[in-house]
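First residue of the sequence shown: 5, per my numbering; consecutive thereafter.
Think of the CB as a built atom: it goes at the ideal place given N, C-alpha and C, for glycine as much as any other residue.
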Amino acid sequence: MDAAMQNEDEVRRRIALLRFLMIFGVVLLHTPPYVPIKEVGTGAFDLFKAFFQNAVFRTTVPVLTAISGYLLFRSMLDRQPGKLALKKFCTIVVPFLFFNLLLLGAVDFLENGLHVRLGEDMVPDDPRGWANAAFGLFDSPINYPLNFLRDLVVLMLLAPLFGWMLRHIPWLGLGAVLLVFMNNLDGHFLLRDVMAPVFYLGGLAAVRRWDLCALDRYAALCLAAFVALCAAVVAFRVANTNYLRMAAPILIWPAAALVTRTAFGAWLARMSKYSFFVFVSHAPVLLATWMLYRPLAKEVPYPAYWLLAPVLTTALLVLVYRAAMRVAPGAFGSVIGA
């Protein structure tokens with residue numbers, strides 16, 4: 005096997021393992037309750053929790069977005085807008101609508117039909133609020149993790165323009181993307197502004213044919229730098245983590261070389277097929293675990309809940325995926341864009 009093929013295999017393995025690792029990170033990130041970095045306590049567990057929830061796994065979306073940009077522009081789908089639109093409608097829009105509207109209907113029935121209090125008013129009482137809850141037009145949808153899919157749709161709309169810039173004015177294009185999105189000149193068009201630059205960066209790697217294994221020799225150094233940045237976020241109570249998010253794909257990608265050829269890395273890569281379903285469906289399961297935990301809070305220490313909830317949520321959804329693929333593979337595959 006020549007060096008180019010070895011690199012391709014390494015890239016595939018790394019993408020697969022990072023997908024599952026980042027999605028588990030998203031589940032842990034969303035484990036309630038959210039504590040703003042300025043309000044984090046000084047206890048050992050408080051700092052440990054903040055390190056992961058306010059720093060390490062705040063980088064999950066940028067890493068996944070950079071991978072999405074790399075894969076899209078490597079496939080050159082940006083040059084076939086019709087094919088791109090059809091594919092992304094099936095793989096992004098359909099799952100977004102299904103899992104978001106399903107949750108919206110369920111919450112509305114529980115709150116207004118059965119009068120079950122879910123801890124907060126999740127169903128809006130005005131047309132604009134309903135539009136946001138259902139479709140994420142100007143704010144996060146009710147299934148809040150799906151704002152990532154909502155923003156991916158926006159990036160797919162921009163992909164033909166980005167593709168032209170990547171091939172003709174790559175660095176000027178990067179400057180333009182940074183100027184527009186990091187200054188929020190797009191308004192509500194893209195909810196997470198940092199997604200545009202890292203998506204473009206992934207495109208640069210694909211179009212300019214960067215050697216994605218070039219920094220592997222510095223994997224340990226990249227990991228150390230990433231850990232140091234995350235520790236600094238917690239130590240100095242940094243609320244704006246945009247610079248960490250921008251640096252994350254550049255540091256995490258080579259750092260992943262440390263585990264790709266290990267048994268743990270191989271297991272993460274095998275679990276990659278469950279990633280998308282875990283992502284689109286974890287929020288209501290986490291909410292259910294929180295509702296079950298709260299009456300037991302005096303008997304069960306919160307650290308135990310925080311450590312177990314994301315693991316149990318992910319494990320449960322993996323089992324649901326396997327069962328659904330056995331019972332109704334066609335229908336289930338359609339709603340998860342498989």
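**Buried or exposed (CB count within 10 angstroms, at least 16 for buried), residue 330** = Counting from one through the sequence shown, the residue named residue 330 turns up at place 326. Label assigned to residue 330: exposed.
**Proximal residues to residue 197 (C-beta, below 7 Å), its chain only, five neighbours per side dropped** = Numbered from 1 along the sequence shown, position 193 holds the residue referred to as residue 197. Excluding residues within five positions, the ones whose Cβ falls inside 7 Å are 185, 186, 188.
**Request:** Pull up the CB-CB distance for residue 163 and residue 51, whole angstroms please, since I reckon it's below 8 Å.
**Result:** Along the sequence shown, read from residue 1 onward, the residue named residue 163 stands at position 159. Along the sequence shown, read from residue 1 onward, the residue named residue 51 stands at position 47. Not quite, the Cβ-Cβ distance comes to about 40 Å (not below 8 Å), so this is no contact.
**Request:** State the Cα-Cα distance for the pair residue 97 and residue 150, rounded to the nearest angstrom.
**Result:** Residue 97 sits at position 93 when you count from the first residue of the sequence shown. Residue 150 sits at position 146 when you count from the first residue of the sequence shown. Cα to Cα, residue 97 sits roughly 10 Å from residue 150.
**Item:** Residue closest to residue 64, alpha-carbon to alpha-carbon, out of 232, 152, 170
**Value:** The count along the sequence shown starts at 1 and reaches residue 64 at position 60. Considering only alpha carbons, the answer is 152.
**Request:** Determine the direct distance from the alpha carbon of residue 341 to that of residue 100, and round the result to whole angstroms.
**Result:** Position 96 of the sequence shown, counting from 1, holds the residue named residue 100. Position 337 of the sequence shown, counting from 1, holds the residue named residue 341. Spanning the two alpha carbons is a distance of roughly 10 Å.
**Request:** Determine the direct distance from the alpha carbon of residue 143 to that of residue 127, and round the result to whole angstroms.
**Result:** By 1-based counting over the sequence shown, the position of residue 127 is 123. By 1-based counting over the sequence shown, the position of residue 143 is 139. Each residue's alpha carbon lies about 14 Å from the other.
**Prompt:** Nearest-angstrom Cα distance between residue 266 and residue 11?
**Reply:** Your numbering for residue 266 matches position 262 in the sequence shown. Your numbering for residue 11 matches position 7 in the sequence shown. For residue 266 and residue 11, the distance between alpha carbons rounds to 17 Å.
**Request:** Measure the CB-CB distance between residue 31 and residue 293 and report whether it falls below 7 Å.
**Result:** If you number the sequence shown from 1, residue 31 lands on position 27. If you number the sequence shown from 1, residue 293 lands on position 289. Going by C-beta atoms, residue 31 is not nearer than 7 Å to residue 293.
**Request:** Give every residue of the same chain whose Cβ lies closer than 7 Å to the Cβ of residue 156, excluding the five residues on either side of it in the sequence, and list them in chain order.
**Result:** What you label residue 156 is simply residue 152 of the sequence shown in a count that begins at 1. If we look at residue 156 and ignore the five residues flanking it on each side, its Cβ neighbours are 72, 96.
**Asked** Near residue 284, what residues of its chain come up, given a Cβ to Cβ distance below 6 Å and the 5 sequence neighbours on each side ignored?
**Response** As a first step, residue 284 is located in the sequence shown; it is residue number 280 there, counting from the start. 99, 103.
**Asked** Under the three-state reduction of DSSP, which class applies to residue 318: helix, strand or coil?
**Response** As a first step, residue 318 is located in the sequence shown; it is residue number 314 there, counting from the start. In the structure shown, residue 318 sits in a helix (DSSP, three-state: H, G or I).
**Message:** Quick check: the Cα distance between residue 209 and residue 215, rounded to an integer number of angstroms?
**Reply:** Taking the first residue of the sequence shown as position 1, residue 209 is located at position 205. Taking the first residue of the sequence shown as position 1, residue 215 is located at position 211. If you take the alpha carbons of residue 209 and residue 215, they lie about 8 Å apart.
**Request:** Measure from the alpha carbon of residue 15 to the alpha carbon of each residue in 228, 47, 213, 140, then state which is nearest.
**Result:** Reading the sequence shown from its first residue, position 11 is the one you call residue 15. Residue 213 is the option with its Cα nearest to residue 15.
**Prompt:** Quick one: what's got a C-beta closer than 7 Å to residue 112's C-beta in the same chain, skipping five residues either side?
**Reply:** The residue labelled residue 112 in the question sits at position 108 within the sequence shown. Around residue 112: 127.
**Asked** Buried or exposed: where does residue 140 fall if 16 or more other Cβ atoms within 10 Å of its Cβ makes it buried?
**Response** Against the sequence shown, residue 140 aligns to sequence position 136. Buried.
**Prompt:** Where does the unbroken alpha helix (DSSP H) through residue 232 begin, and where does it stop?
**Reply:** Working through the sequence shown from its first residue, we reach residue 232 at position 228. First-last of the alpha helix (DSSP H) with residue 232: 223-239.
**Message:** Quick check: what's the CA-CA separation for residue 47 versus residue 282?
**Reply:** By one-based count along the sequence shown, residue 47 stands at place 43. By one-based count along the sequence shown, residue 282 stands at place 278. Taking the straight line from one Cα to the other gives about 31 Å.
**Asked** How do the stretch 297-307 and the stretch 268-277 stand: do at least 3 beta-carbon pairs fall below 8 Å, yes or no?
**Response** no
**Prompt:** Among 287, 158, 18, which one has its Cα closest to the Cα of residue 36?
**Reply:** Within the sequence shown, numbered from 1, the residue matching residue 36 stands at position 32. Of the listed residues, the one whose Cα sits closest to residue 36 is 287.
**Host alpha helix (DSSP H) of residue 349 (start-end)** = Not covered by the structure: residue 349. The range shown for the chain is 5 to 342.
**Request:** Give, in chain order, every unbroken run of the alpha helix (DSSP H) that is at least 4 residues long and sits entirely within the stretch 28-65.
**Result:** 48-57
**Asked** With a CB to CB cut of under 6 Å and the five nearest residues on each side skipped, what residues in its chain are close to residue 261?
**Response** Residue numbering aside, residue 261 sits at position 257 when the sequence shown is read from its first letter. Taken in chain order, the residues that qualify are 220, 223.
**Message:** Please report the straight-line C-alpha distance between residue 217 and residue 26, rounded to a whole angstrom.
**Reply:** Against the sequence shown, residue 217 aligns to sequence position 213. Against the sequence shown, residue 26 aligns to sequence position 22. Distance between the alpha carbons of residue 217 and residue 26 is about 20 Å.
**Request:** Using a threshold of 7 Å, state whether the C-beta atoms of residue 159 and residue 203 are closer than that.
**Result:** Numbered from 1 along the sequence shown, position 155 holds the residue referred to as residue 159. Numbered from 1 along the sequence shown, position 199 holds the residue referred to as residue 203. For residue 159 and residue 203, yes; Cβs fall inside 7 Å.
**Own chain residues within Cβ distance below 6 Å of residue 182, not counting five before or after** = Start at 1 with the first residue of the sequence shown, and residue 182 comes out as number 178. The residues are 201.
**Request:** Report back the beta-carbon spacing between residue 343 and residue 24 to the nearest angstrom; my notes put them in contact at under 8 Å.
**Result:** Nothing can be reported for residue 343: it is not among the residues displayed for the chain, which extend from 5 to 342.
**Message:** Rounded to the nearest angstrom, what separates residue 231 and residue 67 at their Cα positions?
**Reply:** Against the sequence shown, residue 231 aligns to sequence position 227. Against the sequence shown, residue 67 aligns to sequence position 63. Roughly 15 Å separates the two Cα atoms.
**As assigned by DSSP and simplified to three states, the class of residue 173** = Here residue 173 refers to the residue found at position 169 of the sequence shown. Three-state result, residue 173: coil.
**Asked** Would a C-beta distance cut-off of 7 Å place residue 264 and residue 83 closer than the cut-off?
**Response** Your numbering for residue 264 matches position 260 in the sequence shown. Your numbering for residue 83 matches position 79 in the sequence shown. Against a cut-off of 7 Å, the Cβ pair of residue 83 and residue 264 comes out as no contact.
**Request:** Have a look at 242, 239, 251, 206 and flag the residue whose alpha-carbon is nearest the alpha-carbon of residue 226.
**Result:** Numbered from 1 along the sequence shown, position 222 holds the residue referred to as residue 226. Cα-wise, what sits closest to residue 226 is 251.
**Asked** How about residue 272 and residue 248: are their beta carbons less than 7 Å apart?
**Response** For the purposes of this step, residue 272 is taken as the residue at position 268 of the sequence shown. For the purposes of this step, residue 248 is taken as the residue at position 244 of the sequence shown. Contact: no.
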